[in-house]
Amino acid sequence: MRLWRSVVGKLWMTILLLVSFVLFILTILLLEFFQNDHVNEVENELTRTAEKIASIIEKHDDSSLGLEIVKEIVEEPAATIIAFDGNNIQYPSDMSQELYFVKDQILNDPELQKVFNNRNSIVKEMSFSEQDVSSQYKNVIAVGVPLNVDGNEGAVFVYQSLAVVQKTTEHTTSILILAAGIAFILTTIFAFFLSTRITAPLRKMREAATEVTKGRFDTKVPILTHDEIGELATAFNQMGRQLKYHINALNQEKEQLSSILSSMADGVITFNIDGTVLITNPPADRFLQNWYQEQSGNEALAVPPLMSNLLEKVVESESEQTEELSLDGSSYVIIISPLYNHQSVRGAVAVVRDMSEERKLDKMRKDFIANVSHELRTPIAMLQGYSEAIVDDIAESAEEKKEIAKIIYDESLRMGRLVNDLLDLARMEAGHVTLHKDVVNVSSFVERVSHKFNGIAKEKGVEISIALNKLNQTSSLKIDPDKIEQVFTNLIDNAIRHTPEGGYVKVIANEVDNGIHFSIQDSGTGIPEEDLPFIFERFYKADKARTRGRSGTGLGLAIARNIIEAHDGKINVESKFGQGTIFSFFLPSENLLN
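For the sequence shown, UniProt numbering gives the first residue as 1, with consecutive numbering after it.
Printed below as a string of structure tokens:
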């Protein structure tokens with residue numbers, strides 16, 4: 001069955017049917033032509049023979065001599081009958097029984113008998129049944145020619161069987177059938193040869209096309225000829241090169257687009273017109289993952305309902321839509337724009353921007369303004385109040401005026417410290433920290449800084465101690481001693497101020513493989529768990545009533561964190577409310593000198 005479906009089979013059958021049809025028509029026409037030609041030739045020959053016999057009979061007075069001449073003239077398979085008035089009948093040759101039957105049929109045929117009357121030649125084909133004659137004389141052609149001998153009118157009849165003509169036709173048919181067979185074989189050979197010449201390159205192209213569908217665009221079709229098939233092979237090879245070029249270009253653009261999407265800080269989600277998610281980048285995946293984790297009862301939803309509603313609005317209005325979404329404590333701004341296919345909307349692209357940091361910075365800005373205003377409001381109010389007291393002469397005695405001046409001086413110093421701390425913190429956060437590093441012995445440095453607080457600790461009834469665990473006495477750090485002392489001062493001062501009477505404060509230093517770890521541990525009131533993430537922010541105070549004392553500005557821990565980070569270190573806090581606090585910081589080994 002594959003042969004009939006192939007080009008070879010179809011071409012072979014087409015040529016074969018065409019040749020068979022032509023041969024069939026040609027055979028019919030040739031047989032018809034040969035048969036008519038043979039019959040006409042026999043008729044003409046018989047007519048000429050009959051006329052010649054009539055002429056001989058008319059010219060010879062001796063009838064016996066004329067019959068002898070006639071016998072010599074007429075050859076098999078023709079036979080002759082000479083009749084005068086239908087009664088005197090002579091047969092120049094011997095006749096068989098069936099020829100007598102034929103003779104009687106000829107002489108009694110009404111149409112042939114007209115030759116006695118109209119004196120014109122008559123030709124007729126006659127057919128007999130096989131019961132009366134053999135198959136040889138089944139079909140006979142007879143010719144009648146008028147005869148006149150000394151006024152005695154008669155006729156010469158010459159007849160012949162058409163079996164010879166039929167044999168000739170059959171022989172001709174055999175030759176034509178043989179020619180048709182030879183033509184069939186030659187046509188088959190030619191068709192397969194031609195189809196092979198045509199289909200061999202086509203099979204190569206089919207194999208090459210199969211390879212191209214598998215992505216092998218380097219596949220080439222051999223150019224065997226320079227005809228249309230060769231041109232087709234050349235065009236196919238050019239198509240393969242163009243496909244490879246365009247596919248590579250598309251892959252490069254796809255990789256560039258993928259790299260751009262992957263490197264974007266904003267999430268990008270491409271939707272189909274029905275809301276199906278087509279493309280996402282890593283930030284969008286994280287956003288959707290957070291959505292999947294947070295949703296409850298909406299497992300069937302692929303995206304948040306807010307985004308689905310925005311998508312419907314974009315499709316309906318064909319305009320950009322923007323909305324803000326809060327998810328898992330983070331704030332996102334969603335911008336959805338339509339994607340067009342010629343004139344109609346075919347989908348949309350959503351940009352998910354994480355605005356948490358911006359919102360946090362905005363909140364910090366507002367908190368900073370509020371905290372600075374709060375910190376400055378009290379000293380400014382006191383400066384204003386005590387200044388009015390001096391101006392209005394409310395303080396009469398010198399002692400009262402001196403006390404008021406002392407308060408004004410203290411508040412001005414507090415405002416100065418606040419401004420200096422703000423300036424220092426701003427420089428540090430801007431990356432403009434200037435470190436004056438020097439080699440410092442760790443043990444003596446920790447002891448010296450801790451001893452400064454012995455007096456304050458005794459006044460509050462707090463025990464302060466030092467623990468230099470696993471610390472080599474010769475270990476040194478290359479640090480900015482003033483900045484690190486500022487960190488120790490802030491942490492130790494906070495620990496003493498928040499430790500009740502009878503408590504303790506420990507300063508611990510441990511040498512580890514990659515640096516030195518410092519800890520300031522106290523048995524004070526501790527820090528609530530919800531305040532720990534914000535303890536190093538500016539102006540943040542765990543005691544919301546701000547009753548820690550008027551000397552604090554709320555910037556010490558933020559400054560300490562920036563100083564430690566400037567030394568490539570890390571600072572941390574551990575605390576449980578009512579059980580004490582541990583502030584620790586680490587300085588890496590590159591600052592360690594032995």
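Quick reminder that beta carbons are idealized off the backbone N, C-alpha and C, glycines included. Quick caveat, the model's predicted, so the values are computed rather than measured.
Separation of S330 from Q486, as counted between CA atoms: 35 Å
Extent of the continuous beta strand (DSSP E) run through G154: N152 to S161
DSSP state of P146 mapped onto helix, strand, coil: strand
Candidates I223, T219 and G215, of which the one nearest A200 by Cα: I223
Rounded Cβ spacing between D266 and V351 (contact assumed at less than 8 Å): 5 Å
For Q343, the three-state DSSP class (helix, strand or coil): coil
Coarse secondary structure for H246, derived from DSSP in three states: helix
Nearest neighbour of V42, chosen from D274, E323 and T168 [CA to CA]: T168
Local conformation of R119 per DSSP, three classes: coil
Endpoints, the alpha helix (DSSP H) within which E485 is located: P481 to R497
Alpha-carbon to alpha-carbon, I390 and A495: 38 Å
Separation of F192 from E228, as counted between CA atoms: 19 Å
Environment of R377 [buried if 16+ CB atoms lie within 10 Å]: exposed
Beta strand (DSSP E) segment containing K460, residue limits: Segment N454 to K460 is the alpha helix (DSSP H) holding K460; no beta strand (DSSP E) there.
V462 and G515 closer than 7 Å at C-beta: no
Those residues which DSSP pairs with F271 across a bridge: V277 and A348
Proximity to V440 [Cα-Cα], best of H451, L422, S475 and N454: S475
Same chain, Cβ closer than 7 Å to T187, five either side skipped, listed in chain order: I15, L16 and V19
CB contact flag (G526, S575, <7 Å): yes
Residues bridged to F585 [DSSP beta-bridge criterion]: F518 and I571
Candidates L418, H38 and M382, of which the one nearest E403 by Cα: M382
CB of F536 within 7 Å of CB of I564, strictly: no
Nearest candidate by alpha-carbon position, reference D493, set N472, Y409, Y292 and N454: N454
7 Å Cβ cutoff met for F157 and I106: yes
Euclidean distance between Cα positions of D37 and E45: 12 Å
Backbone CA spacing between I407 and A457 [nearest angstrom]: 25 Å
For N139 and I125, believed in contact at Cβ under 8 Å, the rounded distance: Here the sequence assigns Glu to residue 125, which means Ile is not the residue at that position. Rounded, the Cβ-Cβ distance is 7 Å, consistent with contact.
Alpha-carbon to alpha-carbon, M355 and E323: 12 Å
I185 versus S174: straight-line alpha-carbon distance, rounded: 17 Å
Distance, T581 Cα to Q524 Cα: In the sequence on display, residue 524 carries Gly and not Gln. The straight-line gap from Cα to Cα measures roughly 7 Å.
Distance between E357 and R346 (C-alpha atoms, nearest Å): 34 Å
Proximity below 7 Å, CB of K437 to CB of D480: yes
Sequence-distant residues of the same chain with beta carbon closer than 6 Å to E320, five excluded per side: S337
Under the three-state DSSP convention, the category E51 falls into: helix
Exposure label - Y332; buried when at least 16 CB within 10 Å: buried
One or two residues paired with E316 in a DSSP bridge: Answer is none; E316 lacks a bridge partner.
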